[in-house]
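Just below is one structure, and these are the notes that go with it.
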Amino acid sequence: DAGVTQSPTHLIKTRGQQVTLRCSPKSGHDTVSWYQQALGQGPQFIFQYYEEEERQRGNFPDRFSGHQFPNYSSELNVNALLLGDSALYLCASSLFGTGGYEQYFGPGTRLTVT
Amino acid sequence: AQKVTQAQTEISVVEKEDVTLDCVYETRDTTYYLFWYKQPPSGELVFLIRRNSFDEQNEISGRYSWNFQKSTSSFNFTITASQVVDSAVYFCALSEPHNNAGNMLTFGGGTRLMVKP
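Respectively, the protein sequence lines represent chains A and B.
Numbered according to the working numbering, the first sequence terminates at residue 117, and the numbering increases by one at each position without gaps.
Numbered according to the working numbering, the second sequence terminates at residue 112, and the numbering increases by one at each position without gaps.
This is the structure:
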C-alpha cells in the first residue's frame, strides 16, 4: 500500500520564478492538504482540496494556488517566488469530513529560493 | 482562534530515562481533535495518536503514553525508557471540524528530543 508521495524531492529556484510541486495521496484517501514548514518551526497550513475544490485556506497570499485532479492527486503552485518561500513543503492526505481524520504526510519537497 | 503551544523547545535525556513532552492548546470549540506527530531527521511527519475532545481516557501504546486533561487544556506525551531511536522533533496539533470544510491541522512549534546513549 503506497503512502503519500511527493515530487520533486529538492528544488532550487530564483526570486521571481514560479514553481509547481506535486503530490499523490495514500490509497483510499480523497483529500489533500498542503503545509509549509520553515526551518525550526511547525508546519503551517496552506490549503486543503477535496472534490477538486479548495475547501479551506490558511493565511497565505494568492501567489499560492493549487489544484486537485480527478485521481485525487494535487499540485501546489507558487508564483513570484520570494526568498521567504524557502521551506519544506509537506503534502498530507486523509479522508474528508469533520471526523478529525488523521492526516498522513509525504516526505516533503525542499524548496530553496536564491 | 485555535492555538497550540509547546513550551519546551529542546529536551536532552540519557537513554532509559523517562521524558514528558508538554502540549497546551486553545480552542473555542467543544468538539475538536488532538494529535501527536514525530518528525525524524528524514523530515517525514509520522502520525502517532489522535484523540477527540470527548474522550479523556489516557492511552498507552508500548513505551508511549498520552495524558489528556480538558481542565488544563493539555495533551502531554510521555516516553518511558527512552531510546536513541526516539530522537526526533515531536509536534502536537489541533483540528477543529467545521461544516462543509475539512480538517486543517494547527501545529505547535515542536519539541526537539535528543536521547543520548
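Beta carbons: idealized from backbone N, C-alpha and C, even for Gly.
Interface criterion met: the Cβ of B/Glu39 is under 8 Å from a Cβ in chain A. In the DSSP assignment, B/Ala83 falls within the unbroken beta strand (DSSP E) covering 83 to 90. Close to chain A, meaning a Cβ-Cβ distance shorter than 7 Å, are the following residues of the region 20 to 31 of chain B: Tyr28, Phe30. When Cβ pairs closer than 8 Å are counted between the two stretches, the region 44 to 63 of chain B is seen not to touch the region 70 to 82 of chain A, the count staying below three. Listed along chain B are Phe86, Phe102, Gly103, Gly104, Gly105, each with a C-beta nearer than 7 Å to that of A/Gly45. Nearest Cα to B/Leu40 within the set A/Thr112, A/Tyr107, A/Thr117, A/Gly31: A/Tyr107.
A residue is called buried once 16 or more other Cβ atoms fall within 10 Å of its Cβ, and B/Val9, having fewer, is exposed. In the DSSP assignment, A/Gln9 forms a beta bridge with A/Cys26. The alpha-carbon separation between A/Gly109 and B/Arg23 amounts to approximately 30 Å. Only residues of its own chain outside the window of five on either side were considered, and among them Gln(-3), Val(-1), Leu89 have a CB closer than 6 Å to the CB of B/Thr101, listed in chain order. At a Cβ-Cβ threshold of 8 Å, B/Met99 and A/Gln51 count as neighbours.
According to the DSSP assignment, B/Asn71 belongs to the beta strand (DSSP E) that extends over 69 to 74. For B/Asn71, the closest of B/Thr26, B/Asn62, B/Ser77, B/Val79 by C-alpha to C-alpha distance is B/Asn62.
Around B/Met99, the beta-carbon contacts reaching into chain A at under 8 Å are Ser36, Phe48, Gln51, Gln59, Gly61. DSSP lists B/Leu89 as the beta-bridge partner residues of B/Thr101. Contact check between the region 25 to 32 of chain A and the region 42 to 51 of chain A: fewer than three CB pairs, one atom from each, fall below 8 Å, which does not count as touching. Here the alpha carbons of A/Gln20 and B/Arg46 stand approximately 41 Å from one another. In the three-state reduction of the DSSP assignment, B/Lys11 falls in the coil class, being assigned neither a helical nor a strand state. Taking C-beta separations shorter than 8 Å and ignoring five residues to either side along the sequence, the partners of A/Leu14 in its chain run Val22, Leu24, Thr112, Arg113, Leu114, Thr115, following chain order. When only Cα atoms are considered, B/Gln78 and B/Gly38 end up about 19 Å apart.
Taking all protein chains in view, the Cβ of A/Leu42 is surrounded by fewer than 16 other Cβ atoms within 10 Å, so the residue is classified as exposed.
The C-beta of B/Ala76 has fewer than 16 other C-beta atoms within 10 Å across all chains shown, which makes the residue exposed. The C-beta separation of B/Val19 from B/Ser60 comes to about 18 Å, leaving the pair out of contact by the 8 Å criterion.
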